[in-house]
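Asks:
Protein chains in written order, with our numbering: chain R, 4 to 470; chain H, 38 to 236.
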């Protein structure tokens, strides 16, 4: 019986069995940002410890960065303090920081791949749940909390229990107007937000194989929303082509040797899985969340489910969601008015996301009552979009064109919903209060669907604009 | 050079029920309180938005002040990896959590702070939540060694991953010291990884 990529990577990085029975696992790449690292650096100081492997550690700033102006000091004193802290910490501990004045700055899960830091066969950790994104390259990438950030800084290792592996096989060609975001929203809808607890998800099948790296990243990014701490896709030619020539990827002949190793880390064709789930990609339609967890989702052609349509254990949360979202069961989701449209985030803030949205927007105007913003995920995405003239398409249509950062995905910066505004959002979480207003309401969807909603002023089917 | 930390073998005290599935870390501590470089003072903001929208929230009820054990339902702590969430609960006074299930990153964060997360069946969780709601003064005991919760006449079986349980009862929940002891072996692994040593 062969091995899955997960087990190959695990076995290659297992240092020893700890007295607790857990595995001491070596972490090949540690990414850090300003929110979950300052307390960890302080713990190192208190214990007189250093960063053990500073060359495997990279820092950026993303969560708190204002996207309309980045002049220092920030207007928000607390945010300014966090910026100063990461700058001082990076200097003191010898860690490379992609600061605001660095061309490489951006959302941590966008710049890792962009720079070629993220590679197949690695273990990666970051104090951020969306670290699963890096699994798109065939890496095993975990989100961790601050005490574990301290552990990785001090030892380049984590104490962990192995995960089970569920292979998720997606077949068929996606319909026009259906994107990677729709695939992952449906996986979460079908398997639930806790369906992946205890598992790593291996996303596979012809639908995934046909996707580019950015689409694959959108899928793996939201593995955590399905409860799976790690999600990955086996590396293939698409992966190698993406990595070739990136500044932190191996160069020249070393690249060819790397490809051989990367190939050897992919799941064997006779690998054993703890579970297998199959999804017909060709049957999917554009999908939107209507509730307060990412599994509360419907096709744009469907109605909000009634309590009687749902299993017993989902009804309490559905009732809470109707009230919070101001929705009625059995009402169609299409036509629900929106106030804000947000295109960006580590889920969908990459150049291909902006291109797809721009195709929808070109030559149209944002609805008069909608505030719409496009936030590139990194400075590199911003430069690429401007080189192609995408910013002009968005600006002419009435979108705000912003600088790189996490922006309205999580509202740790000035971009926030007000009151009970409804936001069509290309981000990853529709939790209560997530976008900064305790009564703000989030509808998750693909960037193209956000663009369609921005133009119509309400939830609408992007497929009607594609013909 | 293992850190000397305290053994967590049992937690005794009153309990507070937090009902509902999928209570995420944004609800436990809204992101605006993550704009800080320490965890200090987070306790008072635990569940802040939920408390504002629900005047009957248990965290505001006089009878639950001083509770040490939080009784949750399914998938508690899902979402963001922010350790600020368990830090806020701990600083409010919570020393252990018992629920139907926990999100993995949250559970890992709790363990790394010496706060055990244990699970029980949905039916048993309802029994405990009902008992505590009826009598908030009821003392209960969560025993990691026997994996039992006792609450008056109720005795309930608990589950916890073996690794987490051992870390807690042996006082090895702060993993840094333990991992440092394996640094020579870790160096050996690093040298064998082609992407670290060079392709």
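Glycine is no exception: its CB is placed at the ideal position from the N, C-alpha and C atoms.
#1: What are the residues that DSSP puts in a beta bridge with residue 45 of chain R?
#2: Determine the extent of the beta strand (DSSP E) in which residue 186 of chain H is found, giving its start and end residues.
#3: Can you give the beta carbon distance from residue 65 of chain H to residue 83 of chain H, rounded, assuming they're within the 8 Å contact cut?
#4: Does the distance from the C-beta atom of residue 176 of chain H to that of residue 49 of chain H stay below 9 Å?
#5: Flag residue 223 of chain R as yes if its beta-carbon sits less than 9 Å from any beta-carbon of chain H, otherwise no.
#6: Residue 403 of chain R and residue 376 of chain R look like a contact to me (Cβ under 8 Å); what is the Cβ gap, rounded to whole Å?
#7: Give the DSSP bridge partners of residue 129 of chain R, in chain order.
#8: Taking Cβ positions, are residue 181 of chain R and residue 287 of chain R nearer each other than 9 Å?
#9: Any idea if residue 340 of chain R is buried or exposed, counting beta-carbon neighbours within 10 angstroms, 16 or more meaning buried?
#10: For residue 303 of chain R versus residue 463 of chain R, is the C-beta spacing smaller than 9 Å?
#11: So, for residue 282 of chain R: in the same chain, excluding its five sequence neighbours on each side, which residues have a beta-carbon less than 6 Å away from its beta-carbon?
#12: Based on DSSP bridge pairs, tell me the residues matched to residue 170 of chain R.
#13: Using only the alpha-carbon positions, how far apart do residue 456 of chain R and residue 336 of chain R sit?
#14: Can a CB atom of chain H be found closer than 9 Å to the CB of residue 35 of chain R?
#15: Between the beta-carbon of residue 205 of chain R and the beta-carbon of residue 236 of chain R, is there less than 9 Å?
#16: Could you tell me which residues DSSP puts in a beta bridge with residue 163 of chain R?
#17: What whole-angstrom Cβ distance do residue 213 of chain R and residue 25 of chain R have, given they're in contact under 8 Å?
#18: Hey, would you say residue 242 of chain R sits closer than 9 Å to residue 141 of chain R, going by beta carbons?
#19: Does the Cβ of residue 411 of chain R have 16 or more other Cβ atoms within 10 Å, making it buried, or fewer, making it exposed?
#20: Taking Cβ-Cβ distances shorter than 7 Å, what residues in chain H pair up with residue 75 of chain R?
#21: Can you name the residues that DSSP bridges to residue 182 of chain R?
#22: What ranges does the alpha helix (DSSP H) occupy inside the segment 270 to 331 of chain R, keeping only unbroken runs of at least 4 residues that lie completely in it?
#23: Can you have a look at residue 392 of chain R and say buried or exposed, based on whether 16 or more other CB atoms are within 10 angstroms of its CB?
#24: What does residue 203 of chain H reach in chain R if we use C-beta pairs closer than 8 Å?
#25: Nearest CA to the CA of residue 31 of chain R: which residue from R:144, R:10, R:196, R:100?
#26: For a contact defined as C-beta to C-beta under 8 Å, what are the partners of residue 57 of chain H on chain A?
#27: Should the segment 447 to 455 of chain R be regarded as contacting the segment 380 to 396 of chain R, the criterion being three or more beta carbon pairs within less than 8 Å?
#28: Alpha carbon to alpha carbon, how far is residue 418 of chain R from residue 17 of chain R?
#29: Hey, how far is the Cα of residue 36 of chain R from the Cα of residue 172 of chain H?
Replies: Result, derived from the coordinates:
#1: Per DSSP, residue 45 of chain R has no beta bridge partner at all.
#2: Per DSSP, the continuous beta strand (DSSP E) segment holding residue 186 of chain H begins and ends at 185 to 188.
#3: Indeed they touch by this definition, with Cβ atoms about 6 Å apart.
#4: Yes. Within cutoff.
#5: For residue 223 of chain R, the answer is no, since every Cβ of chain H falls outside 9 Å of its Cβ.
#6: In this structure residue 403 of chain R is in contact with residue 376 of chain R, their Cβ atoms being roughly 4 Å apart against a cut-off of 8 Å.
#7: DSSP, once it has assigned bridges, lists R:34, R:146 as partnering residue 129 of chain R.
#8: A contact, by the Cβ cut-off of 9 Å.
#9: By the 10 Å Cβ count, residue 340 of chain R comes out exposed.
#10: In contact: residue 303 of chain R and residue 463 of chain R (Cβ atoms closer than 9 Å).
#11: If we look at residue 282 of chain R and ignore the five residues flanking it on each side, its Cβ neighbours are 173.
#12: In the DSSP secondary-structure assignment, residue 170 of chain R is bridged to R:205, R:279.
#13: The alpha-carbon separation between residue 456 of chain R and residue 336 of chain R amounts to approximately 12 Å.
#14: False, the Cβ-Cβ gap to chain H never drops below 9 Å.
#15: Contact: yes.
#16: Residue 163 of chain R pairs with R:26.
#17: At roughly 38 Å, the Cβ-Cβ gap does not stay under 8 Å, so residue 213 of chain R and residue 25 of chain R are not in contact.
#18: Yes, the Cβ-Cβ distance between residue 242 of chain R and residue 141 of chain R is below 9 Å.
#19: Its Cβ being crowded by 16 or more others within 10 Å, residue 411 of chain R is buried.
#20: Those do not exist, as residue 75 of chain R stays about 16 Å from chain H at its closest Cβ, beyond 7 Å.
#21: According to DSSP, which records beta bridges pairwise, residue 182 of chain R is partnered with nothing at all.
#22: List check, alpha helix (DSSP H) in window: 315 to 328.
#23: Residue environment: residue 392 of chain R is assigned as exposed (fewer than 16 neighbouring CB atoms within 10 Å of its CB, all protein chains considered).
#24: 22, 23, 24, listed in chain order.
#25: It is R:144 whose Cα lies nearest to the Cα of residue 31 of chain R.
#26: Checking the listed chains, one finds no chain A in this structure; the protein chains it contains are R and H.
#27: Under the three-pair Cβ rule at 8 Å, the segment 447 to 455 of chain R does not count as touching the segment 380 to 396 of chain R.
#28: Going from the Cα of residue 418 of chain R to the Cα of residue 17 of chain R covers about 42 Å.
#29: Straight-line Cα distance between these residues: approximately 45 Å.
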